[in-house]
Amino acid sequence: MPDPPNATIAELFDELADLYELDGAVVHRVLAYRNAAKAVREAPRSVSAMTREGTVTQLPGIGKTLQDKLVALLDTGEIPSLTRLRSEFPPGLIEMTRLPGLGPKRARKLYDDLGIDSLDALRAAAETQKLRDVRGFGPKFEEQVLASFAAGVAEKPKPRTLLPRALEIAEAIIAPLREHPASGRVELAGSARRLADSVKDLDIIATASDPPALLKAFAELDVIERTGTPGDNAARGRTHTGLDIDLRVVEPDQFGNLLQHFTGSKAHNVAIREAAVRRGLHVSEYGISDDATGETLRCETDGAVYERLGLPYIPPELREDRGELKLAPDAVPVLLEQTDLRGDLHMHTTASDGRHSIEQMARAALELGLEYIAITDHSATHGFGNHVTPDHLREQIEKVRAADDAIEGIRVLIGTETNIGLDGQPDYDDDLLGELDWVIASVHTSFAMDMTDRLCAAMEHPLIDAIGHPTGRKITTRAPYAVDMDRVIETALATGTMLEINSAPDRRDLNDLHARDAARAGVPILVDSDAHGTDRLPNTRWGVATARRAWLTAADVANTRPWDEFRALTKHGRR
DNA sequence: GCCGTTTTCGGCCCGACTGTTTTCAGTCG
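With positions in the first sequence counted from 1, the corresponding number in my numbering is that position plus 54.
Written as structure tokens, this is what we have:
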């Protein structure tokens with residue numbers, strides 16, 4: 055049996071947390087499992103491998119007990135306590151806790167008293183008014199349960215919204231609110247401010263001379279479908295696209311506290327607060343109270359919050375409790391900016407499945423301030439758009455050379471996005487690949503197989519300069535394929551192959567964690583648009599967002615370099 | 001279950017809301 059990947063182990067720990075919670079364990083023990091799940095999910099290496107080496111307790115939140123459980127998992131394929139708890143609590147019990155207002159404690163009570171062990175059983179009991187017989191439950195709860203089923207909450211969790219769409223909606227709300235006469239500052243918070251891949255909802259923080267007026271203006275915006283009953287200083291609304299929006303209005307002298315709090319992440323805030331408590335400080339969304347003086351400090355900016363806590367300013371993209379709180383003041387990375395990019399090494403034209411010509415792409419790239427681009431149409435065996443046969447590619451070489459001559463101010467390079475075959479080999483023969491300036495290789499078929507050998511074989515090829523979208527994920531629709539990223543990074547380093555952060559907003563692949571690991575190992579990272587039209591060249595914004603979340607500086611990203619320096623990093627350039 | 005320049009034992013973030021309770025536990029963000 056192959057070693058379980060980190061994602062699988064993390065799921066098992068999360069499941070253990072859920073089950074121990076149903077079992078009535080103290081909250082801190084449950085929290086320990088959830089922390090461990092996060093640590094495993096974000097571990098830079100294979101947790102299975104670390105377990106075999108005996109180094110797994112180096113991960114934060116993994117101690118002796120969890121190490122033993124991991125050893126058992128690797129030896130026997132199961133964790134005994136998990137097997138026992140699964141036999142004790144039907145899986146429907148965890149599903150029941152998806153309903154708002156029903157947590158593990160109360161779900162357990164319904165199971166013990168009425169034998170309710172599934173969403174269906176719960177609904178039936180609510181319909182027949184049996185729930186009110188249980189101590190602690192009443193008619194209101196029955197109504198709530200039925201309302202939740204009617205709203206479809208029980209069926210499945212609402213899909214998350216991709217970042218570009220979320221920011222677009224945020225802008226459509228924030229811009230008019232900023233223009234409203236009653237408003238002061240209006241800022242986006244939450245995971246959208248952290249430029250996460252996708253968001254569950256939007257959090258907006260504002261100050262206002264007349265809060266009710268601003269809340270009313272919010273409720274009347276075109277994009278808002280409906281709002282709940284607004285409070286004095288907060289409103290929750292939903293857009294026509296189904297995205298929930300929380301708007302909070304706050305006094306100007308607390309704006310920074312609230313902005314910091316609602317920017318999160320939750321893990322970041324918890325870590326900040328725990329560290330603060332050790333220094334006699336208590337952080338909340340309303341201020342920082344000091345045990346020594348009894349006073350509470352309010353902050354106008356989120357920078358002031360970090361300053362009071364003795365921390366450097368931490369960019370929102372880093373606020374994930376991934377080591378940012380240990381940064382020395384002068385060690386906060388100067389994160390990559392979109393304007394740092396000088397080249398774009400992955401784009402398509404009408405030769406394959408793009409919508410614009412070589413010239414159109416080049417002129418658009420020039421407009422954006424790029425110094426060099428590579429035209430990388432799909433190769434012959436690719437199923438989308440036109441097949442670029444070897445003869446066709448030879449013609450493309452001439453066309454690209456001509457365009458390069460014709461257009462001043464930008465270097466236009468000929469490349470290909472060659473398909474990686476099942477055996478890890480490219481579509482074109484080496485002679486033809488050798489005539490190109492640049493080769494990026496990607497997987498587009500047979501996603502179900504273990505991809506590690508295939509990718510590593512491709513990287514061994516002397517004319518493959520980079521791997522495109524290395525895990526094949528589509529953020530809300532397709533899981534990454536099975537790939538041992540440790541080995542991929544190791545091989546990339548050994549073979550001098552670059553790894554791409556593909557900027558397509560539903561890909562952002564490599565993701566932030568993998569990109570961080572790869573860059574730390576010393577692998578040159580690419581940030582490419584993968585544009586299929588001139589209007590998509592600015593998509594590098596999303597790749598840059600991922601790079602920033604990966605702690606990358608301009609120096610970590612190969613295509614921030616001038617062409618001559620970039621070329622020296624490629625296999626083609628080193629020949 | 002983890003963790004330690006206040007600890008190898010006794011801690012482990014903060015606040016609001018809700019429905020059901022007679023003063024609060026559970027849930028949520």
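Beta carbons are placed, not taken as given, at the ideal position from N, Cα and C, and that holds for glycine.
Taking C-beta atoms under 8 Å as the contact rule, Leu335 and Leu301 fail to qualify, at a distance of about 29 Å. Less than 7 Å divides the Cβ of Arg352 from the Cβ of Asp307. Less than 7 Å divides the Cβ of Ala495 from the Cβ of Ile521.
A distance below 6 Å between beta-carbons, with the five flanking residues on each side excluded, links Ala64 to the following residues of its chain, in chain order: Ala91, Val94, Arg95. According to DSSP, residue pairing for Lys528 in a beta bridge involves Arg532. Taken in chain order, the whole alpha helix (DSSP H) runs of length 4 or more contained in the stretch 147–191 are 158–168, 173–181.
Close CB contacts of Ser252 within its chain, under the 7 Å cut and outside five residues either way in sequence, are with Arg214, Thr215, Leu216, Leu217, Ile529, Thr530 (chain order). With contacts defined as CB atoms closer than 7 Å, Ala262 and Gly291 fail to qualify as a contacting pair. When the five nearest sequence neighbours on each side are left out, the beta carbons in the same chain lying within less than 6 Å of the beta carbon of Ile170 are those of Leu164, Leu176, Ala179, in order along the chain. Proximity to Asp356 across Ile259, Pro480, Gly157 peaks at Ile259, based on C-alpha coordinates. Using a C-beta cut-off of 8 Å, the stretch 396–408 makes contact with the stretch 424–436, since at least three inter-stretch Cβ pairs fall below that distance. Straight through space, the alpha carbons of Glu413 and Cys510 are spaced by roughly 34 Å. Considered as a whole, the stretch 105–145 harbours 118–130, 134–142 as its complete alpha helix (DSSP H) runs of no fewer than 4 residues, in chain order.
For Val125, same chain residues with a beta-carbon under 7 Å away, outside a window of 5 residues either side, are Thr105 in chain order.
Looking at Ser500, Ala229, Ala288, the one whose alpha-carbon comes closest to that of Glu305 is Ala288.
Rounded to the nearest whole angstrom, the C-alpha separation of Val110 and Leu128 is 13 Å. In the three-state reduction of the DSSP assignment, Asp375 falls in the coil class. Per the coordinates, the alpha-carbon of Asp560 lies some 22 Å from the alpha-carbon of Leu389. For Ala428, the enclosing beta strand (DSSP E) stretches over residues 426–432. Close CB contacts of Gln479 within its chain, under the 8 Å cut and outside five residues either way in sequence, are with Ala511, Ala512, His515 (chain order).
Closest in alpha carbon position to Leu221, among Glu619, Asp589, Arg595, is Arg595. With fewer than 16 other beta carbons inside 10 angstroms of its own, Thr295 counts as exposed. With fewer than 16 other beta carbons inside 10 angstroms of its own, Lys194 counts as exposed. Under the 8 Å Cβ criterion, the stretch 188–203 does not count as touching the stretch 230–245, having fewer than three qualifying pairs. DSSP lists Met401 as the bridge partner or partners of Ala585.
The closest CA to that of Thr347, considering only Leu487, Val359, Arg333, is found on Arg333. Going by C-alpha positions, Ile518 is about 19 Å away from Val537. Counting C-beta atoms within 10 angstroms of its own C-beta, Ala382 has fewer than 16 neighbours from the protein chains shown and is therefore classed as exposed. Residue pairing for Met552: DSSP places it in a beta bridge opposite Ala520. For the stretch 226–250, the continuous alpha helix (DSSP H) assignments of 4+ residues that do not extend past its boundaries occur at 244–247, in sequence order.
Only residues of its own chain outside the window of five on either side were considered, and among them Asp398, His400, Met401, Ser557, Arg590, Leu591, Asn593, Thr594 have a CB closer than 7 Å to the CB of Ser583, listed in chain order. In this structure, the CA atom of Leu139 is about 16 Å from the CA atom of Gly131. Segment contact: the stretch 312–327 against the stretch 270–278, fewer than three CB-CB distances shorter than 8 Å; contact not assigned.
A direct Cα-to-Cα measurement between Arg562 and Arg455 gives close to 30 Å.
Val359 carries a helical assignment under DSSP once its states are collapsed to helix, strand and coil.
Across the structure, Gly117 and Arg248 are spaced so that their CA atoms are roughly 30 Å apart.
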